[in-house]
Amino acid sequence: MKNKQNLVIVICLIFITFFILLLGLKKENNYLPQTTHFKIEDTLTLQSLYSDKKLFLNDLFLKDNFTLINIWASWCLPCKDEHPYLINLSKSFNLNIIGINYKDDNNNAKKFLLELGNPYKEVLIDRDGVKSIELGAIGVPETYLVNKEKKIIKKFIGPLNQNNFNEILNIVKK
Amino acid sequence: MRKIKFVVLFLIVFQALYTIALANENKINIDNISKNLRCLICQGQSIYDSQSEFALSMKKLIKNKISNGASEEEVYSFLKQKYGEWIVYDPEVNKNTILLWGIPLILFMFGGLLILRKVNIK
Amino acid sequence: MINQLGSYSLYICLICSIYLIYKSYFNQFISPKKVENKIFSVLSVQLFMTILSFSSLIYAFVLSDFSNLTAYNNSHSLKPLFYKVSGTWGNHEGSLLLWLLVLIIFLFIFFIKSKKLFFRYRILTILFQQIIIFGFLLFILFTSNPFINVFPLPSEGLGLNPILQDPALAIHPPLLYVGYVGTSIIFSSSLAALVCGTIDKIWAAHIKEWILISWIFLSIGILLGSIWAYYELGWGGFWFWDPVENVSLMPWFCLTALLHSIVVLKSRNLFHSWTIILSITTFSLSMSGTFLVRSGILNSIHTFANDPSRGIFILSFLFILVLLAIFIFFFNQKKIPDSSKKTFLISRETGILVNNWFMMYFLSVVLVGTAYPIFLEVINNSKISVGPPFYHKLIIPFLIPFLFFMAMGPNLKWIKNEKKTLNFLQLIIFSICLIVSYLIILKTDTNFLFSTLLFTFSFYLFFHVLKSFFQKNPSYSQKISHFGFSLFLISVLFNGILSKENSANMKVGDEMYFLNKKIIFENVQIKDGPNYRTLIGKFKLQEKKNTFEFKPEIRVYSQPETITSEADILSTIFSDNFLVFSLIKDDGYFNVRYQFKPLMMWIWLSVLIMSFGGLLSLIKKNEK
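Protein chains in written order, with numbering that gives the first Met the number 0: chain A, 0 to 173; chain B, 0 to 121; chain C, 0 to 623.
And the structure:
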């Protein structure tokens with residue numbers, strides 16, 4: 000009898016393991032840090048691209064509107080691909096967009112914006128990539144949607160596509 | 000029988016001491032920290048090993064934090080806040096990981112008991 | 000044409016498999032003479048067809064026949080011949096075909112070599128092995144067929160990852176697979192022996208050969224993987240506790256425990272249940288390994304193509320096999336000889352029990368560490384990483400008592416050891432080891448107490464193994480293997496404690512000073528290789544009166560576009576000097592990393608010595 004009991008227990012354990020592993024297969028493998036409602040540190044300052052000033056990132060957010068933070072670089076090809084969406088968002092929908100130029104050369108960055116258009120209300124420089132880490136970035140391009148309470152509510156990793164674009168509009172229009 | 004119990008107990012205490020000893024180890028070291036961090040854009044490499052942009056920026060950030068006087072724990076909790084638990088290779092002991100650390104030790108004791116049943120001790 | 004040949008031969012294999020399963024199940028009790036020849040001929044056909052299939056895949060790769068989808072995806076006409084051939088098994092579909100081939104070859108050899116054994120046992124082994132083969136054939140034919148047609152014919156293949164174009168990596172999979180697949184025969188024959196009720200000394204002596212073969216190949220396979228990682232990946236480490244590495248280590252722990260268990264079964268007719276359970280576990284582990292690596296459930300530098308549907312198939316297949324094994328075990332338990340006999344505390348049997356206890360513990364650490372993140376993510380939706388610190392903290396402290404037991408164990412007598420084991424002489428030896436370790440540790444700045452104890456017991460074991468060579472007990476193979484193992488531990492410890500490294504951003508003309516050595520960055524040259532462009536950095540290392548030249552490379556491959564750093568390593572019997580450089584964003588500057596690593600050669604050699612001991616045992620058995 001004890002043997003039968005052991006058998007049942009073992010079989011149950013095996014089935015449980017099986018189902019957990021089965022579920023594990025369906026999970027997405029790419030890790031997207033979904034730390035939402037993430038507050039940006041008050042002390043985060045960055046150098047501006049077009050002026051000599053050092054600015055507090057928090058100061059650039061508007062009290063009654065959303066802000067989009069876009070991390071980009073002139074050497075980054077997907078950044079070129081997503082750029083039209085940013086232009087669209089800034090011109091047509093008046094979205095407050097702040098650009099952070101990641102590990103780039105100032106002249107190349109300015110040339111990029113001259114050629115493809117400047118959607119940014121302000122462009123900040125992150126020469127060594129350390130500031131972007133403070134925002135929880137992994138690479139370029141990345142885009143963060145910041146709400147009126149100055150909290151990051153959505154992170155887009157990789158270039159923006161049509162779906163992301165629509166999603167941003169949906170949230171901002173409310 | 001008592002001797003065996005003593006040995007097992009000794010082993011557990013040993014392990015506890017070891018973990019504590021590791022925690023109190025040497026001066027704060029950028030290499031040690033970066034070896035313990037995962038490069039998030041690489042497949043299975045540490046920040047220390049990787050030469051990707053992300054890893055290089057990370058190493059700089061760690062250096063800055065250390066020279067500003069942060070402790071190893073502070074660096075880890077800062078990064079965990081930004082990137083989640085996943086970025087640190089050493090899983091801390093919390094309610095999520097208690098089984099992780101516990102199961103092998105429980106199995107070890109269980110194995111010991113099985114042996115005791117099989118062995119004739121005068 | 001190739002594609003038809005390849006897949007039709009596999010379909011024939013499938014038919015053979017069904018036939019063999021049917022025949023072996025229903026003809027268990029029939030007189031062998033009637034059935035043996037039929038089974039042998041069908042088995043031969045199956046073997047021939049598999050060889051034909053595998054050869055046609057190699058043919059497609061070598062001739063760059065890109066009408067074959069696998070060749071198209073993984074090969075390129077510019078690849079050197081050697082890598083075209085090894086590319087055959089360097090991908091998911093091809094590697095599965097290799098698995099299948101080895102499964103059938105082993106069964107074939109088993110059938111031939113076991114002619115003198117009980118017929119029902121042999122035929123049941125075929126039954127169980129064919130069930131495994133059947134499952135693999137279904138998996139290959141319906142989810143991972145290497146013979147899919149590509150139309151229209153592409154002009155060029157998509158190339159293979161350049162990191163995989165390396166001799167060690169070419170041989171590493173076949174060796175590893177022989178190790179893994181070897182466990183299938185152990186599994187099948189254990190179940191067969193269980194059903195027949197013939198788990199005894201004779202069976203133990205016979206199965207020990209297969210365990211040895213599996214163990215030797217697995218050890219060398221893992222060794223080659225580490226050697227490749229060390230020489231090729233450019234970070235100077237050889238083991239990272241990466242999930243795929245762990246997946247090869249787990250069956251190894253099990254096989255080692257099984258090997259020791261079978262020795263007891265052979266000599267003393269004990270531990271029957273444990274041996275069977277270990278056989279089942281070892282095979283389950285190697286199959287789960289296959290699952291974990293190919294299903295996309297793990298995140299690692301090693302993973303094959305991520306395809307969840309394949310994962311579901313392997314997972315289900317694996318669980319069916321495990322359930323089958325468990326049912327057979329439970330319903331045939333009465334047939335296992337009664338071994339409620341207790342062993343004496345101080346005896347070799349208990350020594351082996353203790354060894355297996357620790358092996359199982361180490362196995363559980365690696366298993367939990369690898370599988371836990373998956374479970375946690377499903378249950379709790381939180382993602383954690385389990386990396387080297389976890390494994391070090393749980394394994395290293397337990398190594399200390401393990402080394403002590405390993406030193407004492409082999410010297411104990413069977414049944415009961417009358418002599419006092421821990422006498423005064425032992426104490427003296429221990430003290431000498433302790434003092435030597437203390438002096439060594441004093442010179443480094445590592446964690447004091449534990450390092451000293453670790454070293455002490457490593458030396459203690461080493462000394463005992465050396466001493467055993469002077470004793471009359473003739474089992475040289477065991478001594479050599481134990482010697483290899485203890486040498487391995489000592490080498491790893493020394494290497495761990497005495498390795499030093501330094502890295503800096505340098506441009507041409509810069510010098511680095513480190514450890515009484517001067518490293519000069521002389522120049523950078525650009526050259527074209529067979530399928531890459533390379534940046535060769537010329538460095539000079541000056542040390543005392545000697546000067547050494549290093550030429551690490553940064554290679555840019557075109558198919559597909561990848562950049563790799565190739566380290567230049569100067570290996571001597573005493574140490575390795577390791578130099579690698581990589582591109583950084585700052586123009587003209589490179590990140591240069593230099594490592595001094597003592598006793599690296601000994602780490603590799605000791606594993607070879609350990610495997611050689613196993614080989615020796617195998618040869619001796621065959622001579623009898």
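Ideal placement from N, C-alpha and C gives every residue a C-beta, glycine not left out.
Using DSSP bridges, identify the partner residues of residue i.
i                     : result
residue 71 (chain A)  : A:100
residue 54 (chain A)  : A:45
residue 505 (chain C) : C:589
residue 510 (chain C) : C:519
residue 36 (chain B)  : B:87
residue 596 (chain C) : C:575
residue 531 (chain C) : C:556
residue 62 (chain A)  : Partner(s): none; residue 62 (chain A) has no beta bridge.
residue 145 (chain A) : A:66 and A:151
residue 547 (chain C) : C:540
So, does the CB of residue i fall closer than 8 angstroms to a CB anywhere in chain A?
i                     : result
residue 40 (chain B)  : yes
residue 322 (chain C) : yes
residue 33 (chain B)  : no
residue 47 (chain B)  : no
residue 73 (chain B)  : no
residue 53 (chain B)  : yes
Does residue i come out as helix, strand or coil in the three-state DSSP assignment?
i                     : result
residue 139 (chain C) : helix
residue 140 (chain A) : coil
residue 80 (chain A)  : helix
residue 59 (chain C)  : helix
residue 119 (chain A) : coil
residue 578 (chain C) : strand
residue 610 (chain C) : helix
residue 394 (chain C) : helix
residue 536 (chain C) : strand
residue 152 (chain A) : strand
residue 348 (chain C) : helix
residue 33 (chain C)  : helix
residue 633 (chain C) : Residue numbering for chain C in the displayed model covers 0 to 623; residue 633 (chain C) lies beyond these limits and cannot be assessed.
residue 87 (chain C)  : coil
When the distance is taken between beta carbons, is residue j closer than 8 angstroms to residue i?
i                     : j                     : result
residue 479 (chain C) : residue 611 (chain C) : yes
residue 531 (chain C) : residue 555 (chain C) : yes
residue 220 (chain C) : residue 175 (chain C) : yes
residue 61 (chain B)  : residue 54 (chain B)  : no
residue 138 (chain C) : residue 95 (chain C)  : yes
residue 14 (chain A)  : residue 73 (chain A)  : no
residue 53 (chain C)  : residue 4 (chain C)   : no
residue 24 (chain A)  : residue 551 (chain C) : no
residue 120 (chain A) : residue 160 (chain A) : no
residue 506 (chain C) : residue 541 (chain C) : no
residue 233 (chain C) : residue 564 (chain C) : yes
Using 8 angstroms as the limit for Cβ to Cβ distance, is residue i near chain B?
i                     : result
residue 238 (chain A) : As shown, chain A starts at 0 and ends at 173. That puts residue 238 (chain A) outside it, with no answer to give.
residue 597 (chain C) : no
residue 501 (chain C) : no
residue 416 (chain C) : no
residue 359 (chain C) : yes
residue 127 (chain A) : yes
If we define contact as Cβ-Cβ less than 8 angstroms, is residue i a contact residue for chain C?
i                     : result
residue 102 (chain B) : yes
residue 77 (chain B)  : no
residue 48 (chain A)  : no
residue 58 (chain B)  : no
Would the beta-carbon of residue i be found less than 7 angstroms away from any heavy atom of the ligand FMN?
i                     : result
residue 117 (chain B) : You won't find the ligand FMN in this model; it holds no ligand whatsoever.
query = Pairing CB atoms from the segment 345 to 354 of chain C with CB atoms from the segment 260 to 280 of chain C, are three or more of them under 8 angstroms?
reply = yes
ask   = So, do the segment 603 to 617 of chain C and the segment 476 to 493 of chain C have three or more beta carbon pairs nearer to each other than 8 angstroms?
value = yes
ask   = Is it true that the segment 5 to 13 of chain C meets the segment 401 to 415 of chain C, where meeting means three or more beta-carbon pairs spaced less than 8 angstroms apart?
value = no
query = Does the segment 63 to 75 of chain B come within contact of the segment 358 to 373 of chain C, defined as at least 3 CB pairs closer than 8 angstroms?
reply = no
request  = Report yes or no: do the segment 118 to 135 of chain A and the segment 52 to 59 of chain A share at least 3 C-beta pairs separated by less than 8 angstroms?
outcome  = yes
task = Taking 8 angstroms as the threshold, find out whether the segment 36 to 47 of chain C comes into contact with the segment 98 to 115 of chain C through three or more Cβ pairs.
result = yes
message = Does the segment 12 to 27 of chain C come into contact with the segment 75 to 92 of chain C, if we say contact requires no fewer than three beta-carbon pairs (one atom in each stretch) closer than 8 angstroms?
response = no
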